[in-house]
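Undergrad:
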Amino acid sequence: MTIPQRPEADPARRAAVLTGLGTFLPPRAVSNEELSEHLDTSDEWIRTRTGIRRRYWADPGTATGDLAVEAGARALKSAGVTGADAVVLATTTPDHPCPATAPWVAARLELGPVAAYDVAAVCAGFVYALASATGLILSGVAERVLVIGAETYSGILDPTDRNTAVIFGDGAGAVVLEAGRADAPGALLGFDLGSDGSQADLIAVPGGGSRQRSGGNPPDPATSWFTMQGKKVFARAVAAMGGSSAAVLERVGWPRESVDRLVGHQANVRILHAVADRLGIDRERAVVNLDRVGNTSAASIPLALADAVADGGLRTGERVLLTAFGGGLAWGSAALVWPDVQPC
Ligand code: UT7
């Protein structure tokens, strides 16, 4: 689905504008070498097949909501504000199956009785949450929205499965969106969202939901781990992020060569380069931070944005293309001009 927007029609039209960025990683870094001690893998395999060197895993007692609160507070600080009208939280690993994690996060941040809900679009969750929050602003429901991507994948990874245990990490990233003008730096200029549920089994936690309960079988702990058919996902990720990126560029009227920074979901450096190649964008323009944090699913795009700003790889006024893909299958892309925002 492509959300119709015509930014060129009226630069003064109402828009959702990014005004703050915050991130949080749990303190425990897990190296490839550490994983190689108890898994049949190696630093060399992980680095060359994925680009990942380390990831962070939350300590026992730390849940997704805890990481989300930290990142959310930092994003508000970055924006120089203390409140928001709504919290939209993208996560695959909510604190509970019920209720959503976002209201608890809003309460911990002392935001008052604001709208708060979770978005479940796995690794595409942050772009879906951005689009949802933009809708709240464009419809006049909210003036300021805190959008968070937060994950604790360490709790759903099968520690004996080398296909997944070496890939995913924990973390959280958040942005503040505020009502403003479409010609302001930071305005979200357009979105493209899509899904293919016929391939839902490629990335899944098979158990724990109504599908399993409807079969009348007792809960089976073995079905509660995250599973991924990596090779099949790889090809679909490149095709979907490439197609979705092209769609959003067309929508906002940006030639491909005008994109300064491609900020893709940090799944695999080979995927990021393949998407850049497909779009005809120099590989050097693809932001890469998965070497430092692994694949953090819904948290990956804000974590990549913050690292890119911090290391000088993303500067005010640059054209940024966001694109993400993951379980669902679901994917999404967005375009904005980077504002004068310093991450906290
Ligand atoms: O974030 C949501 C979206 N997710 C993605 O986009 C992930 C997309 N997929 C990928 O990034 C890659 O497919 C993986 C990194 C998951 C796997 O890389 P691959 O190059 O596709 O490897 P493969 O699954 O084809 O496996 C190649 C070989 C196999 O051995 P054989 O059958 O050739 O003997 C695997 O058993 O590598 C083996 N292997 C490993 N070896 C050492 C798989 N995982 C490991 C491992 N260490 N951790």
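Heads up: the sequence shown at position 225 corresponds to 327 in the numbering used here, and the numbers run straight through without jumps.
A virtual CB, placed ideally from N, CA and C, is assigned to each residue, including glycine.
Under a Cβ-count criterion, where at least 16 other Cβ atoms within 10 Å of its own Cβ denotes burial, should residue 262 be classed as buried or exposed?
TA: Taking the first residue of the sequence shown as position 1, residue 262 is located at position 160. Label assigned to residue 262: exposed.
Undergrad: Suppose contacts are defined by Cβ-Cβ distances below 8 Å. Is residue 272 in contact with residue 160 by that definition?
TA: Here residue 272 refers to the residue found at position 170 when the sequence shown is read from its first residue. Here residue 160 refers to the residue found at position 58 when the sequence shown is read from its first residue. A contact, by the Cβ cut-off of 8 Å.
Undergrad: Could you tell me which residues DSSP pairs with residue 253 in its beta bridges?
TA: Residue numbering aside, residue 253 sits at position 151 when the sequence shown is read from its first letter. Looking at the DSSP assignment, residue 253 forms a beta bridge with 273.
Undergrad: Checking the sheet assignment: what are the DSSP bridge partners for residue 305?
TA: Along the sequence shown, read from residue 1 onward, the residue named residue 305 stands at position 203. Paired residues: 330.
Undergrad: The alpha helix (DSSP H) that contains residue 211, what's its start and end?
TA: For the purposes of this step, residue 211 is taken as residue 109 along the sequence shown, with counting starting at 1. Residue 211 -> no alpha helix (DSSP H), and no H or E assigned at all.
Undergrad: Would the stretch 271–285 and the stretch 240–249 be scored as touching if the rule is three or more Cβ pairs under 8 Å?
TA: These segments touch.
Undergrad: Taking C-beta to C-beta, are residue 180 and residue 214 nearer than 8 Å?
TA: Translated into positions along the sequence shown, residue 180 becomes position 78. Translated into positions along the sequence shown, residue 214 becomes position 112. The answer is no: Cβ separation not under 8 Å.
Undergrad: For residue 422, which option in 287, 317, 379 has the closest C-alpha, if you only look at C-alpha atoms?
TA: By 1-based counting over the sequence shown, the position of residue 422 is 320. Of the residues 287, 317, 379, the one whose Cα lies closest to the Cα of residue 422 is 287.
Undergrad: Can you tell me whether residue 109 is helix, strand or coil according to DSSP?
TA: For this step, residue 109 is matched to residue 7 along the sequence shown. Caution applies to residue 109, whose pLDDT of 48 falls short of 50 and renders its modelled position unreliable; the model cannot decide the point.
Undergrad: Residues in the same chain with beta-carbon distance under 6 Å from residue 371, minus the five sequence neighbours each way, listed in chain order, please.
TA: As a working mapping, residue 371 is identified with position 269 in the sequence shown. Correct list, in chain order: 153, 390.
Undergrad: Comparing C-alpha positions only, which one of 168, 396, 353 sits nearest to residue 269?
TA: In the sequence shown, the residue the question calls residue 269 occupies position 167. For residue 269, the nearest C-alpha among the options comes from 396.
Undergrad: What did DSSP end up calling residue 232 once you bin it into helix, strand or coil?
TA: Here residue 232 corresponds to residue number 130 of the sequence shown, with the count starting at 1. Residue state, collapsed to three classes: helix.
Undergrad: Out of curiosity, what's the CA-to-CA distance linking residue 237 and residue 116?
TA: Translated into the one-based positions of the sequence shown, residue 237 becomes position 135. Translated into the one-based positions of the sequence shown, residue 116 becomes position 14. Answer to the nearest angstrom: the Cα atoms are 11 Å apart.
Undergrad: Could you name the residues of the same chain whose beta carbon sits closer than 8 Å to that of residue 361, not counting the 5 residues immediately before and after it, in chain order?
TA: Here the question's residue 361 lines up with position 259 in the sequence shown. Counting only Cβ-Cβ distances below 8 Å, and skipping sequence neighbours, we find 351, 381, 383, 387, 421, 422, 423.
Undergrad: Have a look at residue 126 and residue 132 and give me their C-alpha separation to the nearest angstrom.
TA: Position 24 of the sequence shown, counted from the start, is the residue given in the question as residue 126. Position 30 of the sequence shown, counted from the start, is the residue given in the question as residue 132. Their Cα atoms are separated by approximately 16 Å.
Undergrad: Using the Cα positions of residue 324 and residue 151, report the straight-line distance between them to the nearest angstrom.
TA: Locating residue 324 in the sequence shown gives position 222, counting from the first residue. Locating residue 151 in the sequence shown gives position 49, counting from the first residue. Spanning the two alpha carbons is a distance of roughly 27 Å.
Undergrad: When every heavy atom of the ligand GTP is checked, does at least one fall within less than 7 Å of the C-beta of residue 225?
TA: Among the ligands in the structure shown, the ligand GTP does not appear; only the ligand UT7 can be found there.
Undergrad: Specify, as a first and last residue, the run of the alpha helix (DSSP H) that residue 152 falls within.
TA: Here residue 152 refers to the residue found at position 50 of the sequence shown. Element bounds for residue 152: 145–152.
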